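Protein chains in written order, with the working numbering: chain A, 1 to 374; chain B, 1 to 374.
Cβ coordinates follow ideal geometry from the N, Cα and C atoms, glycine included.
None of the values given here were measured: they were computed from a predicted structure.
Protein chains: 2
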Amino acid sequence: MKFEVLKSDGNARYGVIETTRSRIETPVFMPVGTLATIKGLDTVDLKEHLKPEIILANTYHLYLRPNHKIVEKMGGLHGFTNFEKSFLTDSGGFQAFSLKESKTSDSGIEFKSHIDGSKHYFTPEKVIDIQNSLGSDIMMVLDDLIALPAEKRRISDSIERTTRWAKESLKYHLETRKDEVQNLFAIVQGGVDLDFRKKSATELTEIEISGKSFDGFAIGGLSVGEPNQAMYDTVEFTAPLLPVEKPRYLMGVGTPEDLIENIYRGIDMFDCVMPTRNARNGTLFTSFGRLSIKASRFKEGSNPVDPSCNCYTCQNYSRAYLNHLFRAKEITYIRLASLHNLHYYLNLMREVREAIQKGQFEEYRKEFYSKRVF
Amino acid sequence: MKFEVLKSDGNARYGVIETTRSRIETPVFMPVGTLATIKGLDTVDLKEHLKPEIILANTYHLYLRPNHKIVEKMGGLHGFTNFEKSFLTDSGGFQAFSLKESKTSDSGIEFKSHIDGSKHYFTPEKVIDIQNSLGSDIMMVLDDLIALPAEKRRISDSIERTTRWAKESLKYHLETRKDEVQNLFAIVQGGVDLDFRKKSATELTEIEISGKSFDGFAIGGLSVGEPNQAMYDTVEFTAPLLPVEKPRYLMGVGTPEDLIENIYRGIDMFDCVMPTRNARNGTLFTSFGRLSIKASRFKEGSNPVDPSCNCYTCQNYSRAYLNHLFRAKEITYIRLASLHNLHYYLNLMREVREAIQKGQFEEYRKEFYSKRVF
């Protein structure tokens, strides 16, 4: 994997990640395909309409169903889904953290399947094995995530473990990888405590085995309920601690405003279920703010969701038709709304990249807020 | 509307219906878009992948939600859905019949909304008004459907009412139609009693007002639980009683076998929710019979659903991927499965039309059965 920052504008960066399968311009938003499909869409929708260069899939979910070994037999995620661009897979650390009965020890995380209650155990090596089977282009190390607010002691333990696991992961990755296709990112932890963030970032960026270090660095453990400003402050402090020449990925973030604010603070990569989840709940993103498609005022009228939008949905359907489909619980609505929201996110990133390239990100950011009427 | 039978092969007919919007080759299967969408698909799926010349929408459902007046303001069903080919709308008679608390009197049907329990009343004129608002290309008269088996007295009443309502409908249609775009079909009733079928067919085909008669004739009240052979026998008896020069439509039918058997007996038009409903339940139609995609044996393997099928789904995805999407309850599955099943039905009709044109329908029918292994 290659990464190059081609232009900086304040802390915002325009760059390019090259994997064997994709040329990914950054800042990039990665649509989430938890179970090897973006909810409501199919692979042809990606290829023909949204054209993302990279999407995300979840290790925990695919390990349980259909199981990574089946995916491997089908040619990995690319063969299984017929999506030939890049996949990033998470490590399952976040899901394990989210499950009520999970237990974290120094060697790994024990958890129960949310499907059948069966017991499973994730170690740094195990999640690399799974991601090897999945054949993802970017893999994430197992990390020890904590809920916020947290005691200092718990944060400290989390960082220590995260560093040790990262080291074990890189070692195992270098031993087991078959080719140069797969890449590995480490994840900085530390909650919203800046001292701990510094410790975690320093330790992870110093790891080097046989001259090899991580291909990129993520900031994890945010967007878990802390105030927005605390997230922004943590990112503002942490991003400069990461190597300039590696991509910086803010995991699980966020709203369009979160993307703008964190790009402003030096982030290159994002993922979030928000565009698809909000679509399903009836909230559509537009250049003028959020719109609740189920509202009575949208029962009539032939305008598309966003008259300035050139997505599949806005090119073909009216708000009134979407309002009807939503109210009638027709699942056709979900695909159309998800296509629109993901188009909004991907297009926002396109505009941001252009603004950075022109050295006009600050103006773009102001305009972004000034256009929002609700 | 024009209809011409271009070729007969036994009782099977190849013909063409021309509406102002479509050139519909018959025998034709009409996909069902109850609420102004084929469940799981959108209009672009129809235009680009399935290419039907006519689809069906349900008057009862659209009257309740979003309401025909809203559809009318949006330019009728064509403007509302962005589907520019033909729509056939039913009269709501079947839904009224299906609702538990509906009451039929000589002047119409009183029923309660399945959504909010509100009371409504359908008369022959009212359902024409609604269908005028919907702007359908082919409208159906209100009929009095009965459950089978039924008492002679009840069947007799049903036929009497159906004839009277048909007369009132044609009269009202000729008074209220604005142009030549909309057409009206009558519906033959009579259960599986051949004497009553004869009475109903005779009465309806004799109706003429100012030199105008119905544009086509449907056989209704079948596929409501009677044995298959009873349906076939009733159609075999009834079809020849209908005018040769008008299209014959068997409502709500059926399985692929039902289509073949009833084309063999002289039917030109069909509609049924089976391809889309079965898709949702995991049953996929193939040239070699039905396939349950959720079966464990489809967890692996890169074959498409039907290797000889050139539908969107079979061109892009494996059985294993569909098996996974079904088991994981991903709604993406529904669209892919519905596209496949509808393609199967529309392609079956294409093959049947070719066979009739070549005078080889009997051979085609034999081959159809011989290829089915389950």
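Residue from the options with nearest C-alpha to residue i
i	options	result
Leu46(B)	Pro66(B), Ile70(B), Thr34(B), Phe83(B)	Phe83(B)
Ile263(B)	Met140(B), Glu168(B), Glu236(B), Thr123(B)	Glu236(B)
Glu25(A)	Arg350(A), Gly76(A), Lys178(A)	Arg350(A)
Glu354(A)	Gly15(A), Asp193(A), Asp306(A)	Gly15(A)
Glu363(B)	Thr255(B), Glu151(B), Ile260(B), Val181(B)	Ile260(B)
Val28(B)	Lys199(B), Met269(B), Thr59(B), Ala147(B)	Met269(B)
Ile115(A)	Ala328(B), Thr81(B), Asp233(B)	Ala328(B)
Ala320(A)	Leu291(A), Met1(A), Gly216(A)	Leu291(A)
Gly289(A)	Lys371(A), Val244(A), Asp271(A)	Lys371(A)
Ser302(A)	Lys294(A), Cys314(A), Ala295(A), Ile70(A)	Cys314(A)
Lys178(A)	Ala166(A), Gly216(A), Gln131(A), Lys152(A)	Gln131(A)
Lys112(A)	Phe97(A), Asp106(A), Lys126(A)	Phe97(A)
Leu348(B)	Ile334(B), Phe285(B), Arg335(B)	Phe285(B)
Glu72(A)	Arg65(A), Val253(A), Leu134(A), Gly117(A)	Leu134(A)
Ala337(A)	Thr283(A), Asp157(A), Val373(A), Cys309(A)	Thr283(A)
Thr104(A)	Lys85(A), His68(A), Cys309(A), Arg154(A)	Arg154(A)
Gln380(B)	Leu88(B), Phe87(B), Glu110(B)	Given a span of 1 to 374 for chain B in the structure shown, any question on residue 380(B) remains unanswerable.
Ser8(A)	Val253(A), Glu245(A), Pro307(A), Glu367(A)	Glu245(A)
Leu241(B)	Val224(B), Gly211(B), Lys199(B), Ser223(B)	Lys199(B)
Short Cβ contact (8 Å threshold) for residue i with residue j
i	j	result
Ile128(A)	Thr176(A)	yes
Leu148(A)	Ser169(A)	no
Ile146(A)	Gly221(A)	yes
Met380(B)	Thr255(B)	Lying outside 1 to 374, the shown extent of chain B, residue 380(B) is not represented and no answer is given.
Asp258(A)	Val32(A)	no
Glu300(B)	Leu35(A)	no
Ile293(B)	Asn323(B)	yes
Met30(A)	Leu62(A)	no
Leu325(B)	Tyr333(B)	yes
Tyr60(B)	Gly92(B)	yes
Arg335(B)	Gly40(B)	yes
Ser318(B)	Pro307(B)	no
Thr19(A)	Thr81(A)	no
Asp106(A)	Arg161(A)	yes
Per-residue burial, residue i [other beta carbons within 10 Å of its own, 16 or more giving buried]
i	result
Gly369(A)	In the sequence as presented, Gly is not what sits at residue 369(A); that position holds Tyr. Tyr369(A) comes out exposed.
Gln408(B)	Limits of chain B in this structure are 1 at one end and 374 at the other, which puts residue 408(B) out of reach.
Glu101(A)	exposed
Gln189(B)	buried
Val352(A)	buried
Thr377(A)	Missing from the structure shown is residue 377(A); chain A here goes from 1 to 374 and no further.
Ala295(A)	exposed
Asn281(B)	exposed
Asp144(A)	buried
Pro227(B)	exposed
Leu174(A)	exposed
Lys126(A)	buried
Lys167(A)	buried
Asn310(B)	exposed
Cβ-Cβ separation, residue j to residue i (assumed contact under 8 Å), whole Å
i	j	result
Thr238(B)	Ala201(B)	6 Å
Ser136(A)	Leu77(A)	6 Å
Leu88(A)	Ile54(A)	6 Å
Distance between residue j and residue i (C-alpha atoms, nearest Å)
i	j	result
Ile219(A)	Leu250(A)	5 Å
Val192(B)	Thr163(B)	17 Å
Asn346(B)	Leu50(B)	In the sequence under discussion, the amino acid at residue 346(B) is Leu, which differs from the Asn named in the question. Distance between the alpha carbons of Leu346(B) and Leu50(B): 8 Å.
Ala12(A)	Phe298(A)	38 Å
Val5(B)	Thr205(B)	18 Å
Pro52(B)	Asn341(B)	13 Å
Asp90(A)	Lys2(A)	20 Å
Gln248(B)	Phe217(B)	Here the sequence assigns Arg to residue 248(B), which means Gln is not the residue at that position. Cα to Cα, the separation comes out at about 5 Å.
Ser213(B)	Ile207(B)	6 Å
Gly10(A)	Arg197(A)	22 Å
Phe361(B)	Arg265(B)	12 Å
Tyr344(B)	Gly108(A)	50 Å
Arg277(A)	Val373(A)	22 Å
Asn67(B)	Gly117(B)	16 Å
Arg21(B)	Lys85(B)	5 Å
Ile209(B)	Trp165(B)	14 Å
Ser158(A)	Gln229(A)	23 Å
Asp215(A)	Glu203(A)	15 Å
Glu367(B)	Lys358(B)	15 Å
Leu339(B)	Val253(B)	19 Å
Pro243(B)	Ile267(B)	12 Å
Ser287(A)	Thr234(B)	60 Å
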